[in-house]
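Heads up, the thing below is written out as structure tokens.
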Amino acid sequence: MATVANTQADKLAEAPEESILLNSFRKDAYEALFSRINLVSAFEMTPEELLGEVENFVFDYTDERRAPLTRSEQQLVARELVDDMIGFGPIGVLLEDDAITEIVINRCDQIYVERKGFLELTHIKFRDEAHLTQIAQRIAHRVGRHVDTFSPLCDARLADGSRVNIVIPPVALNGTSISIRKFFKKSVGLDALTGYGSLTQDMHRVLRIAAISSLNIIISGGTGSGKTTMLNALSQLIDPRDRIVTCEDSAELKLQQPHVVRLESRPPNTEGKGEVTIRDLVKNALRMRPDRMVIGEVRGAECLDMLQAMNTGHDGSMSTIHANSAKEALVRMENMVAMAGFNLPNEVVRMQIAGAVNLVVQTERLHDGSRKITEITEVIGIDDRGDIHCQDIFKFVPTGETPDHRVVGDFRAMTDSPSFVQKAIAYGLDEELLSIMKSAFEKSERLGT
Numbered sequence: 001m002a003t004v005a006n007t008q009a010d011k012l013a014e015a016p017e018e019s020i021l022l023n024s025f026r027k028d029a030y031e032a033l034f035s036r037i038n039l040v041s042a043f044e045m046t047p048e049e050l051l052g053e054v055e056n057f058v059f060d061y062t063d064e065r066r067a068p069l070t071r072s073e074q075q076l077v078a079r080e081l082v083d084d085m086i087g088f089g090p091i092g093v094l095l096e097d098d099a100i101t102e103i104v105i106n107r108c109d110q111i112y113v114e115r116k117g118f119l120e121l122t123h124i125k126f127r128d129e130a131h132l133t134q135i136a137q138r139i140a141h142r143v144g145r146h147v148d149t150f151s152p153l154c155d156a157r158l159a160d161g162s163r164v165n166i167v168i169p170p171v172a173l174n175g176t177s178i179s180i181r182k183f184f185k186k187s188v189g190l191d192a193l194t195g196y197g198s199l200t201q202d203m204h205r206v207l208r209i210a211a212i213s214s215l216n217i218i219i220s221g222g223t224g225s226g227k228t229t230m231l232n233a234l235s236q237l238i239d240p241r242d243r244i245v246t247c248e249d250s251a252e253l254k255l256q257q258p259h260v261v262r263l264e265s266r267p268p269n270t271e272g273k274g275e276v277t278i279r280d281l282v283k284n285a286l287r288m289r290p291d292r293m294v295i296g297e298v299r300g301a302e303c304l305d306m307l308q309a310m311n312t313g314h315d316g317s318m319s320t321i322h323a324n325s326a327k328e329a330l331v332r333m334e335n336m337v338a339m340a341g342f343n344l345p346n347e348v349v350r351m352q353i354a355g356a357v358n359l360v361v362q363t364e365r366l367h368d369g370s371r372k373i374t375e376i377t378e379v380i381g382i383d384d385r386g387d388i389h390c391q392d393i394f395k396f397v398p399t400g401e402t403p404d405h406r407v408v409g410d411f412r413a414m415t416d417s418p419s420f421v422q423k424a425i426a427y428g429l430d431e432e433l434l435s436i437m438k439s440a441f442e443k444s445e446r447l448g449t
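Heads up, the sequence shown is in my numbering, so the first residue is 1 and it goes up one at a time.
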């Protein structure tokens, strides 16, 4: 069923005249179905049984109308009718398409999808604003949330792990808006990312040594740049003997180690009670005897608690942060610590950061839709002026673009002796690290001449 749905979704995106025919047939079939079906009996069926009944109805209705639809198009209409009754309406077909990474609904007649880093407009539409609002409320209800004119914002996680954000009028001026960041069960490792061209084999090997050597790593980047994907990839390298506690707003991490405790924040209920913040989770995690902590994303005051954890024996911890460069990530962390309300001097905050964070991995989605590791930067300490002293280890240097507008460039090693070689000694990886960096640096020097 998913293969048929994916094919039809592609077809609709490319053939508006055919989608007009399907939309007209779908609307008439919907009205006819609800005038003939016994709704009480229908909702007592399993989804598979209901789909079978609706398919039979659509086949008969197609013959009755003498509609020029193929069998696969009739099956698509049947599936969408079932999605209208118990699922996600017309976007159900998009949720099943593995090539789609994000679904963005601006209004009932404007639905975009992201494929390979690019947004494209589909010709899939809701019948009207009321239909879109009905589906939005169903989505919210399924995850135990409520959305209406008094509570017009909803941020939640679907049963499959996908992240969904809903905004309805009066806040959304053009009509109900829904954004869905899809969750994929298959975790992508560093091998796959290297194969995609997101980093080089040398960078891969260095990051592997960094993770094994229990460096505290921050993955920085903009929205959709691949931060969570990189965090998942690096977390696969954590020693399976370590006890790991994860803290997330939306559970997206897919750790494979046997000793993992997963914590997820919770928003307040309709009465404004019961909220559990990321900071609450981080504080509680420190009481759970973790060897390492993995925090999905730091956004505010919890940054101070994370730094204190990194500074008090929880080496090898990881998190992500929104920032446009490695150095900006450190500045943002300073600002976040200020949110904790302790009024600490800047010098003290910078010492906390410099003592806690070992490595910043910067991810970026380039204008061609590709995602790359554009910086790997290590935090060395505090310089004479009291600023955080950093050293770039690798950097992506764009050199142009191909005729089809693909970005080309070089991943260059910026040093042949990273300071974290001292940590690698304890794991017997120092010689391997220096050998990799020496070779990579020599290659980069040849590129620069």
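Glycine is no exception: its CB is placed at the ideal position from the N, C-alpha and C atoms.
Measure the beta-carbon distance from residue i to residue j and round it to whole angstroms, keeping in mind my assumption that it falls under 8 Å.
| i | j | result |
| --- | --- | --- |
| Glu302 | Ile278 | 5 Å |
| Ser319 | Glu297 | 7 Å |
| Val234 | Ala211 | Here the sequence assigns Leu to residue 234, which means Val is not the residue at that position. The Cβ separation is near 5 Å, so the contact holds. |
| Phe394 | Met414 | 7 Å |
| Leu304 | Val337 | 5 Å |
| Gly175 | Pro169 | 7 Å |
| Leu81 | Tyr30 | 6 Å |
| Ile373 | Val379 | The pair is not a contact, with the Cβ atoms about 17 Å apart (cut-off 8 Å). |
| Leu190 | Leu207 | 6 Å |
| Val58 | Ala42 | Val58 to Ala42, Cβ: 14 Å. No contact. |
| Arg365 | Gly87 | Rounded, the Cβ-Cβ distance is 30 Å, inconsistent with contact. |
| Ala424 | Ile209 | 6 Å |
| Gly144 | Arg371 | Not confirmed; about 33 Å, so no contact. |
| Glu102 | Glu114 | 4 Å |
Starting from residue i and walking both ways along the beta strand (DSSP E), at which residues does that stretch end?
| i | result |
| --- | --- |
| Lys395 | 388-401 |
| Asn38 | Taken as a continuous stretch (DSSP letters only), Asn38 belongs to no beta strand (DSSP E), as it is neither H nor E. |
| Phe411 | 407-413 |
Could you give the first and the last residue of the continuous alpha helix (DSSP H) run that contains residue i?
| i | result |
| --- | --- |
| Ser198 | Segment: none, Ser198 is in no alpha helix (DSSP H) and carries neither H nor E. |
| Arg332 | 326-338 |
| Glu49 | 47-65 |
| Gly460 | One cannot answer for residue 460 here, as it falls past the ends of the chain, which runs 1 to 449. |
| Val260 | From DSSP, Val260 is part of no alpha helix (DSSP H) but of the beta strand (DSSP E) over 260-264. |
| Met310 | 302-310 |
| Asp83 | 71-86 |
| Gly89 | Unbroken run through Gly89: none, as it is neither H nor E. |
| Val421 | 421-425 |
Give me the Cα-Cα distance between residue i and residue j, rounded to the nearest whole angstrom.
| i | j | result |
| --- | --- | --- |
| Asn106 | Ile135 | 14 Å |
| Gly369 | Asp63 | 45 Å |
| Thr312 | Gly381 | 17 Å |
| Val164 | Ile376 | 31 Å |
| Cys108 | Asp315 | 48 Å |
| Glu334 | Asp28 | 59 Å |
| Ser250 | Val147 | 18 Å |
| Leu95 | Ala426 | 47 Å |
| Leu246 | Gly355 | Note on residue identity: the sequence assigns Thr, not Leu, to residue 246. Near 22 Å, if we compare the C-alpha coordinates of Gly355 and Thr246. |
| Lys254 | Lys182 | 14 Å |
| Asp280 | Arg292 | 17 Å |
| Pro268 | Asp155 | 12 Å |
| Gln75 | Met230 | 38 Å |
| Arg262 | Ile238 | 15 Å |
| Pro152 | Ser444 | 52 Å |
| Val357 | Gln201 | 24 Å |
| Gln391 | Ile244 | 29 Å |
| Lys186 | Arg66 | 43 Å |
| Met437 | Val421 | 10 Å |
| Gly224 | Glu49 | 38 Å |
| Glu55 | Ile217 | 52 Å |
| Glu432 | Gly195 | 22 Å |
| Val171 | Glu129 | 15 Å |
| Phe496 | Glu401 | Limits of the chain in this structure are 1 at one end and 449 at the other, which puts residue 496 out of reach. |
| Leu447 | Thr399 | 11 Å |
| Phe441 | Asp416 | 6 Å |
| Asp98 | Phe184 | 8 Å |
| Val104 | Lys125 | 12 Å |
| Val294 | Glu264 | 12 Å |
When DSSP builds the beta bridges, which residues end up paired with residue i?
| i | result |
| --- | --- |
| Lys451 | Outside the displayed range of the chain (1 to 449) lies residue 451, so it cannot be described from this structure. |
| His322 | Gly221 |
| Ile382 | Ile388 |
| Thr377 | Val360, Asp392 |
| Met293 | Val245 |
| Val104 | Tyr112, Ser179 |
Using 6 Å as the cut-off, classify the Cβ of residue i as near or not near the heavy atoms of the ligand ZN, replying yes or no.
| i | result |
| --- | --- |
| Val245 | Questions concerning the ligand ZN fall outside what the structure shown contains, since it holds no ligand whatsoever. |
Using a C-beta cutoff of 7 Å, does residue i count as contacting chain D?
| i | result |
| --- | --- |
| Gln257 | Absent here is chain D; the protein component of the structure consists of one chain. |
At which residue ranges does the segment 207-254 contain complete beta strand (DSSP E) runs of 3 or more residues, listed in the order of the chain?
-> 217-221, 244-248
Complete alpha helix (DSSP H) runs within the segment 148-192 (minimum length 4 residues, chain order) | none
Output the residue ranges of the alpha helix (DSSP H) runs that lie fully inside the segment 109-151 and measure 4 residues or longer, sorted by chain position.
-> 129-142
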